[in-house]
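Those sequence lines, one after another, are chains D and C.
So for the first sequence, our numbering puts the first residue at 1; every next one is plus one.
So for the second sequence, our numbering puts the first residue at 402; every next one is plus one.
All C-beta atoms, glycine included, are put in the ideal place defined by N, C-alpha and C.
Below is one structure, written out as structure tokens, with a few remarks after it.
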Amino acid sequence: MDLNYSSEDRAFRDQTRRWLEANVPTEDMKTLAERKAWHRKLYEAGYVGMLWPKEYGGWGATAMQQAIVQDEMARIQAPPAINGLGIGFIGPTIIVHGTEAQKQRYLKKMLTAEEIWCQLYSEPNAGSDLAGLKTRAEDAGDHFLVNGQKIWTSSGPIADWGILLARTDPKVAKHKGISCVLLNMRQPGVEVRPLKQITGHSLFSEVFMTNARADKSDLIGNLNEGWAIAQTTLGFERGGNSLGRVTRYAIAFNQLVKATKQLKRQGRPLIEDPVIRAKMGKLFAELEVQRYAGLRVLSALNKSDSPGAASSITKLSYTEFEKRYYETALEILGPWGQMMTAREEFEEIDTASGEAGTWATAFLWARAGTIYSGSSEIQKNIIGERVLGLPKEVRADRLKA
Amino acid sequence: MDFSFTPDQTLLKNSAHAFLEEHCKSAVVRLWWDDPRGESEGLWKEMAQLGWLGLSLPEEHGGSGLGMVETALLLEELGRAAYPGPYWPTMLVADAIAEAGTDVQKKRWLPAIATGEARATMTLLDADLDWSPDAIATRGEKTPTGWQLSGVKRYVAWGHVAGVLLIPARTPEGVSLFLVDPAAAGLRWSPMMNMDPGTRLADLTLDRVPVRAEDALGAPGSAAPRLARLIRRGAVGAAAEMLGAARRCLDMAVGYAKVREQFGQPIGSFQAIRHKCSEMLLETENSHSAVYYAAWAQDADAEDADLAASVAKVYVGDASRKVCGEAIQVHGGIGFTWEYDLHMYFKRAKALEAQYGDADYHRELIVRRAAR
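Here's what the structure looks like:
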């Protein structure tokens, strides 16, 4: 057990910090083009696609180096890279399951954010029960004809491509008739309608597909084996980014301290109230435990590639913590904590950093974490079955099958 | 960066686990619960032979020179077994003697502790129940041959089996530490019955208790940082024991949920039970991270060693109470019976929550540090 950073890691951190200090844009970015230019700069510096193999345009870095970059970016409050779904989850899925031609066609442009990606999984009637999806992809010779509706699609309005789960065989058990295919979002058969979220911003969307076309050469893996592929995608999505997230929480804590020194109740600063101090002490203890747990995940990632089902524990832990964190913060801050200030719309949510903005935005945004990417209830099912080995539940759809 | 244990550390944990499964079974712990002494001389000697009593003591005084991580591994296993006895107080006093003692004091006490001849304990709370070392109100007055101590000490653990007491008192120089003979004149014990019979507490009244000049530990007036260290290490160790209790309860709950059937199915197949077990695992794993981060931070003398100790105490206190309590809930009626073992770990975790600084005290230390 040694929780010190190696001298190489410390040197890498120093170098990253110097680069960020010299290059982070000083003005707010207002357009997608500006975000793409910043992304490109980050990529060329080696700070995007860090874990990707070099042969596909990545940098072959270690999980520790990636965590350090995310940590330093959070510390300096740098605007994050974009195309997070593509680079974090869809690209790695193509690397694992895709053909050589698919890798050549898509990966580099994904890394450089020339093409923005979205994930077309959830449907109005297939959320936690994702395998119940109804969108169909019918064989039409050299391509599929896609009909159906997707929902909660982050980055939908700006996406050029999507990774789609669709039913290719309606006659077999529901997990067995699903395929995974890449869909061009820029075609007449695809209509994207933004959905307004509880934060007031419109960062996700509904996607309607009417006789949309997906080339068969864009099928990922084998026909009707899309479910297993979706599992690897979700697996990449859980875990990771442990340090940067906690650093953002720590920055928020410092802002909370500052606010409690300025805000007064009954003539004295909130920070002098023992009740508030006790709440803040408990909050900071939980924050620190998230940091220790993050280091533990990072240590494990450095030793093996996949965190497996244990990553469900990480996701459950930080998303549930984030809710408690902002609930307590707003309780402490009173009405002041509920004020929202107008700001420019961001074009993409980075689920790791959330929506930028006020305490109120953070409080509202915290509700997303325990729903997206497998709700807390789904994570607890996974932990119960795959980590604790508890028996599977008797489910109506399994009885029928 | 490596959060995993070395092969030696794993070996220590596994052998401690195997030993306690054999020699500290719950049926045996129940016998000690009913015994006025409350712990076992035989087990203590065996622990000495295993090297546990000198684990973190300097090698020149019969110890193994290992650190807080190894100590926490052992304490986790002791917590898992609901081991009753003065292991941790004895180790904390030994550490204080190793840190601040004269050669004579070290030679007198450290080998005796490592070989199992002497147990030790300390008093941390005075009459006003303030954990802060600055709040010590017991008086230490100079006499021609040394000192005499007068005051009240509350909730002292295992004083009735201790061969030496570490007692802080306020002298003209400030707060000072004294090694006191438990048989000294002027000491009056009032034993109490804790809801955890594996935690033996007593109040102690000191009425002009004579202490020799050479039994002051460290320079008079220098006790505050030493007491802070003692509470800090005590908190990490208590957190490790609470973690062990939580792990035991989690294992029992999961095991029970797999075999107990209702409505024709194992209850672990119901989401209401499965989700509870998953939350218990989450709390237990986070507690593991908190305990071993804090233990490592003590060994590495990390910049945040004091913060990490308080964090571990606060977090694992809450987490272990939840995990052990929910294990009772998963079991239903059988979990509420005296004959079923769950309450032993539930009570042990709860008893430790109130020791080495309670949650209020450590939360305040955390805020002082985080909000400066």
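Per-residue burial, residue i [other beta carbons within 10 Å of its own, 16 or more giving buried]
i                            : result
glutamate 344 of chain D     : Here glutamate 344 of chain D scores only 46 on pLDDT, less than 50, and its place in the model should not be relied on; the value that follows carries that caveat. Classification of glutamate 344 of chain D: exposed, given that the 10 Å Cβ count is below 16.
glutamate 272 of chain D     : exposed
arginine 238 of chain D      : With a pLDDT of only 49 at arginine 238 of chain D, under 50, the local geometry of the prediction cannot be trusted, and no value is derived from it.
proline 408 of chain C       : exposed
alanine 396 of chain D       : exposed
alanine 33 of chain D        : exposed
arginine 324 of chain D      : exposed
aspartate 28 of chain D      : exposed
isoleucine 568 of chain C    : buried
serine 711 of chain C        : buried
valine 69 of chain D         : buried
glycine 541 of chain C       : buried
phenylalanine 284 of chain D : buried
alanine 620 of chain C       : exposed
arginine 589 of chain C      : exposed
proline 626 of chain C       : exposed
leucine 195 of chain D       : exposed
aspartate 702 of chain C     : exposed
methionine 681 of chain C    : buried
arginine 764 of chain C      : buried
glycine 141 of chain D       : exposed
threonine 210 of chain D     : exposed
phenylalanine 346 of chain D : Its pLDDT being 40, under 50, phenylalanine 346 of chain D is placed unreliably by the model, and the measurement read from it follows with that caveat. Buried, because 16 or more other Cβ atoms sit within 10 Å of the Cβ of phenylalanine 346 of chain D.
valine 637 of chain C        : buried
phenylalanine 363 of chain D : buried
Within-7 angstroms CB hit, residue i to chain C
i                        : result
serine 242 of chain D    : no
arginine 238 of chain D  : Legend: pLDDT at arginine 238 of chain D = 49, less than 50; position of this residue unreliable, no value from coordinates given.
serine 128 of chain D    : no
lysine 323 of chain D    : no
valine 246 of chain D    : no
lysine 54 of chain D     : no
lysine 282 of chain D    : yes
glutamate 393 of chain D : yes
tyrosine 5 of chain D    : yes
isoleucine 76 of chain D : no
tyrosine 292 of chain D  : yes
alanine 131 of chain D   : no
glycine 226 of chain D   : no
arginine 17 of chain D   : no
Anticipated Cβ contact below 8 angstroms, residue i with residue j, distance rounded
i                        : j                         : result
methionine 1 of chain D  : tryptophan 697 of chain C : 5 angstroms
valine 24 of chain D     : isoleucine 76 of chain D  : 6 angstroms
glutamine 699 of chain C : methionine 402 of chain C : The pair is not a contact, with the Cβ atoms about 18 angstroms apart (cut-off 8 angstroms).
serine 373 of chain D    : lysine 303 of chain D     : The pair is not a contact, with the Cβ atoms about 24 angstroms apart (cut-off 8 angstroms).
leucine 607 of chain C   : glycine 552 of chain C    : 5 angstroms
alanine 558 of chain C   : proline 611 of chain C    : Wrong, their Cβ atoms sit about 24 angstroms apart, outside the cutoff.
histidine 97 of chain D  : isoleucine 220 of chain D : 5 angstroms
Sheet register partners of residue i (DSSP bridge)
i                         : result
tryptophan 548 of chain C : C:Lys543 and C:Val612
threonine 572 of chain C  : C:Gly575
cysteine 118 of chain D   : D:Gly162
threonine 99 of chain D   : Bridge partners of threonine 99 of chain D: none, in fact.
leucine 454 of chain C    : According to DSSP, which records beta bridges pairwise, leucine 454 of chain C is partnered with nothing at all.
proline 667 of chain C    : C:Glu662
asparagine 687 of chain C : Paired residue(s): none; asparagine 687 of chain C is not in a bridge.
aspartate 2 of chain D    : C:Asp403
Contact with chain D by residue i, beta-carbon distance below 7 angstroms
i                         : result
arginine 571 of chain C   : no
glycine 686 of chain C    : It should be noted that the sequence gives glutamate, not glycine, for residue 686 of chain C. Yes, contact with chain D.
glycine 678 of chain C    : First, the amino acid is wrong: residue 678 of chain C is cysteine here, not glycine. Yes, contact with chain D.
tyrosine 762 of chain C   : no
serine 690 of chain C     : yes
methionine 402 of chain C : yes
glycine 439 of chain C    : no
glycine 726 of chain C    : no
methionine 681 of chain C : no
tyrosine 716 of chain C   : yes
arginine 661 of chain C   : no
serine 427 of chain C     : no
valine 731 of chain C     : no
Proximity test, residue i beta-carbon vs the ligand SAH heavy atom, cut-off 6 angstroms
i                         : result
methionine 339 of chain D : Of ligands this structure carries none, so the ligand SAH is not represented either.
Cutoff 7 angstroms: residue i Cβ touching any chain B Cβ
i                      : result
glycine 541 of chain C : In the structure shown, chain B cannot be found, because the protein chains are D and C.
| said: Any C-beta of chain D within less than 9 angstroms: which residues of the stretch 693-705 of chain C qualify? | reply: Residues Tyr693, Tyr694, Ala695, Ala696, Trp697, Ala698, Asp700, Ala701, Ala703 and Asp705.
Chain C contacts from the stretch 359-381 of chain D (Cβ-Cβ distance under 9 angstroms) = Of all residues in the stretch 359-381 of chain D, Ser376, Glu377, Gln379, Lys380 and Asn381 have a Cβ within less than 9 angstroms of some Cβ in chain C.
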